[in-house]
Amino acid sequence: MIAARRLAQQVSTRAYSSTAGLFSTGKVTQVIGAVVDVQFDEGLPKILNALEVEVPEGNERLVLEVAQHLGENTVRTIAMESTDGLVRGQKCADTGSPIQVPVGPDTLGRIINVIGEPVDEKGPIFASKEAEKFAPLHRSAPTFSEQGRTQDILVTGIKVVDLLAPYAKGGKIGLFG
Numbered sequence: 001m002i003a004a005r006r007l008a009q010q011v012s013t014r015a016y017s018s019t020a021g022l023f024s025t026g027k028v029t030q031v032i033g034a035v036v037d038v039q040f041d042e043g044l045p046k047i048l049n050a051l052e053v054e055v056p057e058g059n060e061r062l063v064l065e066v067a068q069h070l071g072e073n074t075v076r077t078i079a080m081e082s083t084d085g086l087v088r089g090q091k092c093a094d095t096g097s098p099i100q101v102p103v104g105p106d107t108l109g110r111i112i113n114v115i116g117e118p119v120d121e122k123g124p125i126f127a128s129k130e131a132e133k134f135a136p137l138h139r140s141a142p143t144f145s146e147q148g149r150t151q152d153i154l155v156t157g158i159k160v161v162d163l164l165a166p167y168a169k170g171g172k173i174g175l176f177g
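Residue numbers for the sequence shown follow full-length UniProt numbering, so the first one is 1 and each next one is one higher.
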């Protein structure tokens, strides 16, 4: 009975709200490959929030994405790049938002990594600060009214597919073979 009362007290005092974890700082407690556990002093970041680890050498930044709340003010995250050199005790900060990637006409034909940085050696994606437009990595799909109304056919170059089951541009479809 006493243990149940103590557990109820702990659960009621835990801060899982979105404002409690905003811009809070923590430290790395465990690194297993790309999975990193981070413990926060107070408040937890929301699931899918981006965390940035302070990397001492160079100007590189390591971005982590919150995947799970473990309890005891600890979150389990997934690293978006290599965790080589990451050690326990390193400082980590909540950004207060999910990972943002560039979107718009300037991104067409460009190659970016999972955190939205260009990797095609063509320089910055946006020519000016006014043209910058970002969207969260995890978001819902556009509705049918937001999508284009034209029904263009995607030419695959595979005669059987193009003749018997043509694909519409802009959609998702599987090709098994």
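Even glycine gets a Cβ: it sits at the ideal position worked out from N, Cα and C.
Is the region 67-78 touching the region 33-52 in the sense that three or more CB pairs, one from each, lie closer than 8 Å? yes
Asp-152: buried (16+ other C-beta within 10 angstroms of its C-beta) or exposed? exposed
Give the DSSP-derived three-state secondary structure of Leu-164 in the structure shown. helix
So for Thr-156, helix, strand or coil by DSSP? coil
Helix or strand or just coil, what does DSSP make of Glu-57? coil
Per DSSP, the bridge partner or partners of Glu-65: Ala-50 and Ile-78
When you compare only the Cα positions, how much space is there between Asp-37 and Cys-92? 11 Å
Same chain only: Cβ atoms within 8 Å of Ala-168, ignoring 5 sequence neighbours per side: Gln-151, Asp-152, Ile-153 and Leu-154
Using 8 Å as the threshold, is the C-beta distance between Ala-62 and Ala-79 below it? Sequence inspection shows Leu at residue 62; the Ala mentioned does not correspond to that position. Yes, these two residues count as a Cβ contact at 8 Å.
Here's the rule: buried if 16 or more other CB atoms are within 10 angstroms of the residue's CB, otherwise exposed. What is Phe-40? buried
Compare the C-alpha of Val-75 against each of Ala-165, Leu-175 and Thr-29 and name the closest. Thr-29
Report all residues from its chain with a CB closer than 7 Å to the CB of Leu-48; omit the five preceding and five following residues, and keep chain order. Glu-65, Val-66, Pro-98 and His-138
Per-residue DSSP class, three states only, for Ala-135: strand
Phe-40, enclosing beta strand (DSSP E) - first and last residue: 35-40
Which residues in the same chain have their Cβ closer than 6 Å to the Cβ of Glu-130, if we skip the five residues on either side of it in sequence? none
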